[in-house]
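Read in order, the letters of the sequence shown are residues 256 to 589 in the numbering used here.
Contents: one structure, followed by commentary.
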Amino acid sequence: MPEIVIPIAVIGVCLLFDFANGWNDSANAIATVVSTRVLSPVKAVMLAAVLNFVGALLSTRVAKTIGSSIVDTGVVNPVDLPAVIMAAMLAAFLWVALCTLFGLPISGSHSLIGGLVGAAMAFFGGTGILHLAGLKKIFLALVISPVLGIFVGFALMLSIIWLCRHRTPSGVNKVFGKLQILSASLMALSHGSNDAQKVMGVITLTLFGAGWQQDTDVQLWVILLCATVMGLGTYIGGWRVIKTLGHGLIKLQPVHGFAAETTASIVIAGASAIGLPVSTTHCITGSIMGVGSTRGVRAVRWGLGKKIAYAWLFTLPGCALVAASLYYLLSPLI
Numbered sequence: 256m257p258e259i260v261i262p263i264a265v266i267g268v269c270l271l272f273d274f275a276n277g278w279n280d281s282a283n284a285i286a287t288v289v290s291t292r293v294l295s296p297v298k299a300v301m302l303a304a305v306l307n308f309v310g311a312l313l314s315t316r317v318a319k320t321i322g323s324s325i326v327d328t329g330v331v332n333p334v335d336l337p338a339v340i341m342a343a344m345l346a347a348f349l350w351v352a353l354c355t356l357f358g359l360p361i362s363g364s365h366s367l368i369g370g371l372v373g374a375a376m377a378f379f380g381g382t383g384i385l386h387l388a389g390l391k392k393i394f395l396a397l398v399i400s401p402v403l404g405i406f407v408g409f410a411l412m413l414s415i416i417w418l419c420r421h422r423t424p425s426g427v428n429k430v431f432g433k434l435q436i437l438s439a440s441l442m443a444l445s446h447g448s449n450d451a452q453k454v455m456g457v458i459t460l461t462l463f464g465a466g467w468q469q470d471t472d473v474q475l476w477v478i479l480l481c482a483t484v485m486g487l488g489t490y491i492g493g494w495r496v497i498k499t500l501g502h503g504l505i506k507l508q509p510v511h512g513f514a515a516e517t518t519a520s521i522v523i524a525g526a527s528a529i530g531l532p533v534s535t536t537h538c539i540t541g542s543i544m545g546v547g548s549t550r551g552v553r554a555v556r557w558g559l560g561k562k563i564a565y566a567w568l569f570t571l572p573g574c575a576l577v578a579a580s581l582y583y584l585l586s587p588l589i
């Protein structure tokens, strides 16, 4: 295969994952605002697509973390690096696309990190290729963020209930129906600031390994390309996932949607500011469950939450296993 074709093919697979991630994660930004009927589905996906694009331009800290804190690229020679990255990204893409078709909100972060870990370990034959300290920090962020979403969402919703205790339910929903447009916008913006950067980091790693750039700084064209592709995926909309998040877990009113989106936005924006990749899916789902819990434990459909949790649990090891298998298939061809 010609030398120039391989990096281009790898970048193409990275963009497939970027699109699928936006496709699945469109629910994160608009599920609540659609389910509460504050915005029509078409207006909601257009808003989310634009703000996902804008959010992706805000910073590159998460991209640098993905590019430098998971795999020790110094151990992988430039000849083998494309096979490792292609196997990782193809596994992540297949996992996210399949879960989207089944209506399961899934973590693009877990999928991508699991794919990179599995493919790298298959190449090296062990964990010596991994930045264990960096992975520990990333895993802590992935685990803590949805739990934080539950508690902050619960506390924020209780605060809103207390502040609005003398108002009628219809009056409260009228006010928060308008405010929810703002919270949905913040959610889409924060999603772009975290999720689009993950693919930027992997593409930068590919360019560095191919010798097309001499450092791990993210180039402007990479930022614009990843932002655009994720925005297109968001615009397509994973409608089954939107239904799961917007209607399946709890019955939402505009006030609940505002609280959930605001909570998730705060958690995701905080993680992006310090360069930590988190699962936006986990953050918004945890926030919805925290907000719903203020209406009583039975208000949350924990059975569906259990199915989502199982999907989360198997994502990282599942993607790692698929990526390792794909590496063994692809390495003789690349």
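Even for Gly, the Cβ is constructed at its ideal location relative to N, Cα and C.
Predicted, not measured: the structure shown is a model, and the values here were computed from it.
Residue interval of the alpha helix (DSSP H) (run including residue i)
| i | result |
| --- | --- |
| Ser366 | Gly363 to Phe379 |
| Ile251 | Summary: the structure shown does not reach residue 251, with the chain confined to residues 256 through 589, and so no result is reported for it. |
| Ile321 | Arg316 to Ser323 |
| Gly310 | Pro296 to Ala311 |
| Phe348 | Leu336 to Leu356 |
Buried or exposed (CB count within 10 angstroms, at least 16 for buried), residue i
| i | result |
| --- | --- |
| Tyr582 | buried |
| Ala377 | buried |
| Gly551 | exposed |
| Asp450 | buried |
| Trp280 | According to the sequence as given, residue 280 is Asp; it is not Trp. By the neighbour-count rule (16 or more Cβ atoms within 10 Å), Asp280 is buried. |
| Phe394 | exposed |
| Thr417 | With the sequence shown as reference, residue 417 is identified as Trp, and Thr is not the correct amino acid for it. Exposed, by the Cβ-count rule. |
| Asp470 | exposed |
| Val454 | buried |
| Leu385 | buried |
| Leu387 | exposed |
| Gly322 | buried |
| Val260 | exposed |
| His511 | buried |
| Gly380 | exposed |
| Leu353 | exposed |
| Leu437 | exposed |
| Asp273 | buried |
| Gly426 | exposed |
| Leu568 | exposed |
| Ser414 | exposed |
| Gly267 | exposed |
| Val300 | buried |
Cβ shell of residue i (< 6 Å), same chain only, five flanking positions each side left out
| i | result |
| --- | --- |
| Ala578 | Ala342, Ala343, Ala346, Gly370, Gly373 and Ala374 |
| Leu294 | Val288 |
| Val522 | Ser400, Leu403, Gly404 and Cys538 |
| Ala524 | Ser445 |
| Ala310 | The sequence given here places Gly at residue 310; Ala does not occur at that position. Closer than 6 Å at Cβ, skipping near neighbours: Leu444, Gly447 and Ser448. |
| Leu271 | Phe348 |
| Ile491 | Trp278 |
| Ala465 | Pro262 |
Same chain, Cβ closer than 7 Å to residue i, neighbours up to 5 away in sequence not counted
| i | result |
| --- | --- |
| Ala526 | Ala396, Ser400, Asn449 and Val533 |
| Thr570 | Trp350, Ile361, Ser362, His365, Ser366 and Gly369 |
| Ala338 | Tyr582, Leu585, Ser586 and Ile589 |
| Thr536 | Asp280, Asn283, Pro360, Ile361 and Ser362 |
| Ala509 | Looking at the sequence provided, one finds Pro at residue 509 rather than Ala. The residues are Thr291, Val293, Asn428, Phe431, Gly432 and Gln435. |
| Ile423 | Note that residue 423 corresponds to Thr in the displayed sequence, not to Ile. If we look at Thr423 and ignore the five residues flanking it on each side, it has no Cβ neighbours. |
Closer than 8 Å to chain B by CB, residue i
| i | result |
| --- | --- |
| Ile399 | Absence of chain B from the displayed structure is noted, only one protein chain being present. |
Contacting residues, own chain, Cβ-Cβ under 8 Å from residue i (five flanking each side not counted)
| i | result |
| --- | --- |
| Gly573 | Trp350 and Gly369 |
| Phe409 | Gly545, Val546, Ser548 and Thr549 |
| Gln474 | Thr459, Leu462 and Gln468 |
| Leu531 | Val317, Thr320, Lys392, Ile393 and Ala396 |
| Thr382 | Met376 |
| Ile529 | Arg316 |
At 4 residues or longer, and completely inside the segment 515 to 552: list those alpha helix (DSSP H) runs for me, N to C. 535 to 548, all fully within the segment 515 to 552.
If you scan the segment 435 to 490 from start to end, which runs of the beta strand (DSSP E) of 3 or more residues do you find wholly inside it? none
Check whether the segment 505 to 521 touches the segment 433 to 449, counting contact only when three or more Cβ pairs, one atom from each stretch, lie closer than 8 Å. yes
Taking contact to mean 3 or more Cβ pairs, one atom from each stretch, closer than 8 Å, check whether the segment 535 to 552 and the segment 388 to 408 are in contact. Yes, the segment 535 to 552 is in contact with the segment 388 to 408.
The segment 313 to 322 touching the segment 459 to 479, judged by at least three CB pairs closer than 8 Å: yes
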